[in-house]
Structures are given as C-alpha cells and as structure tokens.
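Residue numbers (my numbering): 332 to 568.
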C-alpha cells in the first residue's frame with residue numbers, strides 16, 4: 332500500500348490545488364511556443380546556440396519531455412490501481428473512494444477542493460471513468476494533451492517499420508486511451524496508419540472473415556431445416 336502511495340504521479344503531487352501549475356512547465360508560458368518561431372530557434376539552441384530564445388526553446392523541449400514522462404507515470408499508476416481494484420474485488424461504487432484515499436500532498440488538497448465543490452457524496456460516487464477524465468484534465472495542460480492527440484492521429488507506418496509503428500501506436504494509445512475506446516475504434520485507427528498494401532490485405536481478410544461467418548450461418552440454417560424435416564413435428568419446439 333505504501334509503495335503505491337510513493338508512485339503517485341510527480342505532477343499530481345506538485346501541482347497547486349485545483350489547477351495545473353503552468354509556470355513550472357514553460358517558464359510562465361505553460362509550454363506553448365513563443366512568438367517569432369521560438370520552437371525552431373529552440374532546436375538551434377540544442378546545437379550550441381547560447382542565445383536567449385534558443386535557451387527558451389530548449390526549455391520548452393525539456394518541459395515537453397517532462398510532460399510525457401509524467402503522463403506515462405500517471406497512466407502506469409492508474410493501470411496499477413485498476414489491477415489492485417480487481418485483485419481486491421473492489422466494487423465500482425468504491426473505486427473512486429479507495430483511489431482518492433491514497434492521494435497525498437497537493438493531490439490530497441486538490442481532492443478536498445473537489446469535495447467542497449461537488450459535495451462528498453457526489454465526488455466519491457462519480458463513475459470511475461469520469462474520475463480518470465477529471466484527474467487527467469485537471470493535472471495536465473490542455474495544449475500538451477492536444478499535442479499527444481495530434482501525434483496519435485498523424486502516426487503512420489514508415490516504409491517497412493511495422494514493429495516501430497506498432498510499439499509507438501500502443502504507447503500513444505496508453506497515454507490517450509479515451510481516443511481509442513472502444514476496442515473497435517482502436518483497431519480502426521491502427522489499421523488506418525498502416526501502409527496502403529498492408530491496409531488492403533487487412534481489408535481483404537476482413538471481407539473474407541465476414542463472408543465465412545455468413546457462409547457458416549447459412550450452413551447452420553440449412554442443417555436445421557434438414558433436421559426438422561427428419562424428425563416428427565411433435566418432438567420439435
């Protein structure tokens with residue numbers, strides 16, 4: 332139990348209660364690119380440019396990396412909590428109460444603010460999926476989350492790098508699972524990013540599987556009709 336508490340996401344444990352501390356992510360900019368193409372100049376700063384704007388760009392890159400790392404930790408922590416809930420047979424109505432009970436520091440203060448705003452019964456009784464959405468939106472800047480969404484939508488398979496494409500897709504999907512839920516949506520997005528000839532093969536396989544299911548259904552219907560003909564009517568329901 333104490334080990335779980337120690338793995339609380341760093342961002343969640345250091346944010347001010349209620350909203351993200353954007354100044355810690357971009358020197359007062361909240362991680363956004365500055366005017367005048369600061370992002371491009373930030374890259375030149377990585378190559379030794381000691382200019383002020385280059386340094387700011389480098390800082391934004393570091394903040395972006397820190398954001399990705401913190402979000403990975405948060406996602407892993409949520410997955411661990413789900414595992415613990417399953418093992419302890421925690422009821423759906425108790426998941427939020429159980430998880431919020433592990434919050435410490437600023438995260439604990441944030442949760443208390445939610446209780447004061449919503450009321451204890453409403454806060455503790457909210458659905459688990461709503462709770463995950465609330466924590467994700469309150470502790471991670473919307474502009475950074477939008478970058479992840481863009482990365483997922485633009486992620487495609489390059490040349491023959493199928494393994495690389497698949498690994499990166501699953502990584503992005505874990506960070507923004509709400510974009511690839513339910514499973515059918517996840518599969519559709521994965522197939523969309525494949526190179527055209529593989530995507531065509533998948534489409535053919537899908538058609539073949541549907542045709543096979545259709546054929547199996549027709550065969551079963553035919554067998555049932557033959558069975559009814561071979562038996563006395565009174566024995567059939």
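No residue lacks a Cβ here, since even glycine has one placed at the ideal position from N, Cα and C.
If you're wondering where the values come from, they're calculated on a predicted model, not measured in any experiment.
Is the Cβ-Cβ distance between residue i and residue j less than 9 Å?
| i | j | result |
| --- | --- | --- |
| residue 507 | residue 479 | yes |
| residue 449 | residue 457 | yes |
| residue 581 | residue 398 | Outside the displayed range of the chain (332 to 568) lies residue 581, so it cannot be described from this structure. |
| residue 416 | residue 406 | no |
| residue 500 | residue 509 | no |
| residue 446 | residue 438 | no |
| residue 503 | residue 483 | yes |
| residue 401 | residue 471 | yes |
| residue 525 | residue 535 | no |
| residue 403 | residue 505 | yes |
| residue 571 | residue 489 | Since the displayed the chain opens at 332 and closes at 568, residue 571 lies outside it and no answer follows. |
Which residue's Cα is closest to the Cα of residue i: the options?
| i | options | result |
| --- | --- | --- |
| residue 409 | 441, 463, 519 | 463 |
| residue 412 | 455, 399, 459, 453 | 459 |
| residue 498 | 437, 468, 521, 556 | 521 |
| residue 493 | 529, 535, 483 | 529 |
| residue 424 | 541, 549, 461 | 461 |
What is the DSSP secondary structure of residue i, counted as helix, strand or coil?
| i | result |
| --- | --- |
| residue 380 | Because residue 380 carries a pLDDT of 39, less than 50, the predicted location of this residue cannot be relied on, and the following value inherits that uncertainty. If DSSP states are grouped into helix, strand and coil, residue 380 belongs with coil. |
| residue 420 | coil |
| residue 466 | helix |
| residue 456 | coil |
| residue 503 | helix |
| residue 560 | helix |
| residue 508 | helix |
| residue 528 | helix |
| residue 439 | helix |
| residue 487 | coil |
| residue 433 | coil |
| residue 548 | helix |
| residue 471 | coil |
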